[in-house]
Amino acid sequence: FSTAHTRIDGGATQRNRPSTDASLSWTSLADGRQQFQLWRDNRGKRIISIPQLLIVTPQDELTAMELMKSQLKPGTPNNEINAIMGDFDILVTPFLTDTNSWFLKAADADAIWFWDVQPRTASLRDDDRREISGRKRVQGWSHGHGRWVGWYGTDGTT
């Protein structure tokens, strides 16, 4: 996650995290949603990427539910509508390393992918005297991530 993803055409840098880390709130979530709409590809054309999943820690589960299910904007006395109500599904996971971190993921976002870096080799060994048959197979894998587009997130604040 960065505030300065560069474009090949030399256009303005783009971000998939807040300028300064922010805890989960209506304002920070609305900012993340807006960033998805501002992204451009390396030729300056708009990217269609719609956030669909809000990933939070158990400590932010209630805040996430309040943000997604309240009809009125949470935390204000002004009867404003909650413009982000129901926009995202919520995934609560205890496996994030920071209890204040949260992330938005688009349906088309690259997550983790694997590829074969070592050709598969197999060997077979038979020992008729002992009635033993053995098989050995060796294969190597590596993994990584795809593009940054489709992801937005922050470590939050303490």
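Residue numbers (full-length UniProt numbering): 1 to 158.
Just so you know, even glycine gets a beta-carbon here, dropped at the ideal spot from N, CA and C.
Note that the structure is predicted; figures quoted are calculated from it, not measured.
Inter-stretch contact (C-beta, 8 Å, three-pair minimum) for the segment 48-59 and the segment 97-112
yes
Could you tell me the boundaries of the beta strand (DSSP E) in which GLY156 lies?
For the purposes of this step, residue 156 is taken as the residue at position 156 of the sequence shown. First-last for GLY156: undefined, no H or E at that position.
Rounded straight-line distance, which links the Cα of MET68 to that of ASP87
Along the sequence shown, read from residue 1 onward, the residue named residue 87 stands at position 87. Along the sequence shown, read from residue 1 onward, the residue named residue 68 stands at position 68. Looking at the two C-alpha atoms, the distance is approximately 7 Å.
If we call anything under 8 Å between Cβ atoms a contact, is ARG17 one with THR157?
As a working mapping, residue 17 is identified with position 17 in the sequence shown. As a working mapping, residue 157 is identified with position 157 in the sequence shown. Contact: no.
Can you have a look at LYS73 and say buried or exposed, based on whether 16 or more other CB atoms are within 10 angstroms of its CB?
The sequence position of residue 73 within the sequence shown is 73, counting from 1. Buried, by the Cβ-count rule.
PHE103 - containing beta strand (DSSP E), residue span
As a position in the sequence shown, residue 103 is number 103, starting the count at 1. Unbroken beta strand (DSSP E) run through PHE103: 102-106.
Assess, as a yes-or-no matter, whether the segment 8-22 is touched by the segment 34-43 under the definition of 3 or more beta carbon pairs within less than 8 Å.
yes
Three-state secondary structure (DSSP) of LYS136
What you label residue 136 is simply residue 136 of the sequence shown in a count that begins at 1. In this structure, LYS136 counts as strand in the three-state DSSP scheme.
Enumerate in chain order the residues of its own chain whose CB-to-CB distance from ARG125 is below 6 Å, with the five nearest sequence positions on each side excluded.
Position 125 of the sequence shown, counted from the first residue, corresponds to residue 125. Excluding positions up to five away in sequence, the list reads GLY134.
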